[in-house]
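> What follows is a structure written as structure tokens; I'll ask about it next.
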Amino acid sequence: MAQPVSEKPMVEIKSVVKAFGDVKAVNGVDAVIREGEFFSLLGPSGCGKTTLLRLIAGFEHPDSGAIVIAGSSMENVEPNERPTNMVLQSYAIFPHLNVEENVAYGLKKQGLSKADLKAKVDEMLGLVDLKGYNKRPAYALSGGQRQRVALARALIMKPKVLLLDEPLSALDKKLREQMQVELRSLQRTVGITFILVTHDQEEALTMSDRIAVMFDGQIAQLASPQDLYRRPKNQRIASFIGVMNFVQGQLLKIDSDALDVEAGPIGKVSIAPNQMPVPLPEGAVTIGIRPEMLTILFNDSDKAEIEVKGEIVETSYYGDMTYYSVRIDQIDEPVTVSMRNTSGRKVLDIGTKTRIGLGAESLVLLG
Ligand SMILES: Nc1ncnc2c1ncn2[C@@H]1O[C@H](COP(=O)(O)OP(=O)(O)O)[C@@H](O)[C@H]1O
Ligand SMILES: [Mg+2]
Numbered sequence: 023m024a025q026p027v028s029e030k031p032m033v034e035i036k037s038v039v040k041a042f043g044d045v046k047a048v049n050g051v052d053a054v055i056r057e058g059e060f061f062s063l064l065g066p067s068g069c070g071k072t073t074l075l076r077l078i079a080g081f082e083h084p085d086s087g088a089i090v091i092a093g094s095s096m097e098n099v100e101p102n103e104r105p106t107n108m109v110l111q112s113y114a115i116f117p118h119l120n121v122e123e124n125v126a127y128g129l130k131k132q133g134l135s136k137a138d139l140k141a142k143v144d145e146m147l148g149l150v151d152l153k154g155y156n157k158r159p160a161y162a163l164s165g166g167q168r169q170r171v172a173l174a175r176a177l178i179m180k181p182k183v184l185l186l187d188e189p190l191s192a193l194d195k196k197l198r199e200q201m202q203v204e205l206r207s208l209q210r211t212v213g214i215t216f217i218l219v220t221h222d223q224e225e226a227l228t229m230s231d232r233i234a235v236m237f238d239g240q241i242a243q244l245a246s247p248q249d250l251y252r253r254p255k256n257q258r259i260a261s262f263i264g265v266m267n268f269v270q271g272q273l274l275k276i277d278s279d280a281l282d283v284e285a286g287p288i289g290k291v292s293i294a295p296n297q298m299p300v301p302l303p304e305g306a307v308t309i310g311i312r313p314e315m316l317t318i319l320f321n322d323s324d325k326a327e328i329e330v331k332g333e334i335v336e337t338s339y340y341g342d343m344t345y346y347s348v349r350i351d352q353i354d355e356p357v358t359v360s361m362r363n364t365s366g367r368k369v370l371d372i373g374t375k376t377r378i379g380l381g382a383e384s385l386v387l388l389g
């Protein structure tokens, strides 16, 4: 669970536009990132994430709009005078320097005593789990260790905001997952605002207090991981964050305390108003259902609130999970159903006729 974050604004992005020639890399972004928050910018390649991060850091300047950090306008404030620091995907550390020299690099000009400098370096190395690595040359470190040195080097400057541009994307899957946990726990320890750029939806979901999903230079939705996953505003967002089945239906009636929906074999159901994240008119609607909200009713005695009949047309076995494609009468595309492979549960063969169960609370109406 995410810990409560202060409501105090740390980074305010106000109607920011930045174009490169004809390309509007950032096309009118408004967002407030809070003090102590782990915030992610998530979106496909080219949607403007790096440009937005560089605008916050001061490496780019907005064509229009403004950026305010810790209450101060950043107009005409140079990158090195901003309370920010950036960590990049490529481990931008000096290979010919050792760990200690790399970490202390930004502090050299401050004229600290040797003992003070060493104390600060040791504290940072402890934080990133590299205690005792002071004299190790940077070229003799693994990818994960280099990224930790880069983090320590950024954090030793005590920035108010740490900007991270796909810092883990060069690491292999296992190490990346381990570093995700470490980075999140590091952020909690230091309490600094982190802004992470990533194209990896799982990374954003597991690490963030809040996520801004970006498409085409704009924020499509800004929400907590759970709200984003459960209540995506539209089909594009829903498909970008995990897998979503789309079923065509009718929104029959909108009341203040309930929505009446009808969809093919699902029949007529009543759902809660918050299952429609953006207001839609009565009439044709697209209904989203996540694969894990659908259940294969393996046994005759298995019951569900809503039951439909289907036939397995494809299976994908992942060890812990099986993903089924199931053809259901009156639904055009086969739906994806994910089932956990708990003990005694076999993988059904293609062609098996089965019942699928779901609950009305798992439906979401999408724009
Ligand atoms: N310095 C630049 N000159 C020209 N075009 C750029 C420059 N930086 C980014 N762009 C363009 O702006 C868009 C957004 O790029 P970027 O912010 O790097 O996206 P992301 O980080 O989400 O992949 C892309 O179309 C990219 O080609
Ligand atoms: Mg980028």
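Numbering (my numbering), first residue to last: 23 to 389. Ideal Cβ positions, reconstructed from N, Cα and C, are used throughout, including at glycine. Please read all numbers here as calculations on a predicted model, not as lab measurements.
1. Can you tell me whether G373 is buried or exposed, with buried defined as 16 or more other CB within 10 angstroms of its CB?
2. For L129, which residues from the same chain have a beta carbon less than 8 angstroms from its beta carbon, with the 5 sequence-adjacent residues on both sides left out?
3. Any heavy atom of ligand 1 closer than 8 angstroms to the CB of L147?
4. Out of H221, L205, D222, G271, point me to the one whose CA is closest to I214's CA.
5. Can you tell which of L186, I318, A114 has its C-alpha closest to the C-alpha of E333?
6. On the DSSP bridge assignment, give the partners of D282 in chain order.
7. Please determine if the segment 119 to 128 and the segment 145 to 161 are in contact, where contact requires at least 3 C-beta pairs separated by less than 8 angstroms.
8. Taking 8 angstroms as the cut-off, does the CB of T72 come closer than this to any heavy atom belonging to ligand 2?
9. Between the C-alpha atoms of S207 and R349, what's the straight-line distance to the nearest angstrom?
10. Taking the C-alpha atoms as reference points, what is the distance between A24 and Q248?
11. Taking only heavy atoms of ligand 2 into account, decide whether any of them is closer than 8 angstroms to the Cβ of S135.
12. Nearest by alpha-carbon distance to V125: which of G93, N98, L173 is it?
13. From the DSSP output, read off the bridge partner residues of E329.
14. Does the beta-carbon of M108, which I'm using as the reference point, lie nearer than 8 angstroms to any heavy atom of ligand 1?
15. If distances are taken between C-alpha atoms only, which option among G239, N296, M146, A234 comes closest to L64?
16. Nearest-angstrom Cα distance between V228 and T220?
17. Just the C-alpha distance for R104 and L75, rounded to the nearest angstrom, thanks.
18. According to DSSP, is F116 helix, strand or coil?
19. Which partner residues of M343 appear in the DSSP bridge assignment?
20. Cβ of L387 within 9 angstroms of Cβ of M266?
21. Which residues in the same chain have their Cβ closer than 6 angstroms to the Cβ of R232, if we skip the five residues on either side of it in sequence?
22. Expressed to the nearest angstrom, what Euclidean distance is found between the alpha-carbon atoms of L380 and P313?
23. Tell me the residue span of the alpha helix (DSSP H) that contains I78.
Short version:
1. Its Cβ having fewer than 16 others within 10 Å, G373 is exposed.
2. L139, K142, I178, M179.
3. Annotation for L147 indicates a beta carbon at 8 angstroms or more from all heavy atoms of ligand 1.
4. Minimum Cα distance to I214 is reached at L205.
5. Comparing C-alpha distances from E333 to each of L186, I318, A114 shows the shortest one belongs to I318.
6. DSSP lists K275, S292 as partners of D282.
7. Judged by Cβ distances under 8 angstroms, the segment 119 to 128 makes contact with the segment 145 to 161, as three or more pairs qualify.
8. Here the distance from the Cβ of T72 to the nearest heavy atom of ligand 2 is below 8 angstroms.
9. Whole-angstrom Cα-Cα distance: 43 angstroms.
10. Any answer about A24 is weak, because its pLDDT of 48 lies below 50 and its placement is not dependable; what the coordinates show is given next. Cα to Cα, A24 sits roughly 11 angstroms from Q248.
11. S135: no, Cβ never under 8 angstroms from ligand 2.
12. With distances taken between Cα atoms, V125 lies closest to L173.
13. Answer is G379, bridged to E329.
14. Within the chosen limit of 8 angstroms, ligand 1 does not reach the beta carbon of M108 with any heavy atom.
15. Taking only the C-alpha atoms, the option nearest L64 is A234.
16. Residue identity differs from the one stated: residue 228 is Thr in this sequence, not Val. Distance between the alpha carbons of T228 and T220 is about 12 angstroms.
17. Approximately 13 angstroms between the Cα atoms of the pair.
18. It is coil, neither helix nor strand.
19. In the DSSP output, where bridge partners are listed per residue, M343 has R362.
20. Contact flag unset, no.
21. Close CB contacts of R232 within its chain, under the 6 angstroms cut and outside five residues either way in sequence, are with F61, S246 (chain order).
22. Cα to Cα, the separation comes out at about 10 angstroms.
23. Its alpha helix (DSSP H) spans residues 71 to 79.
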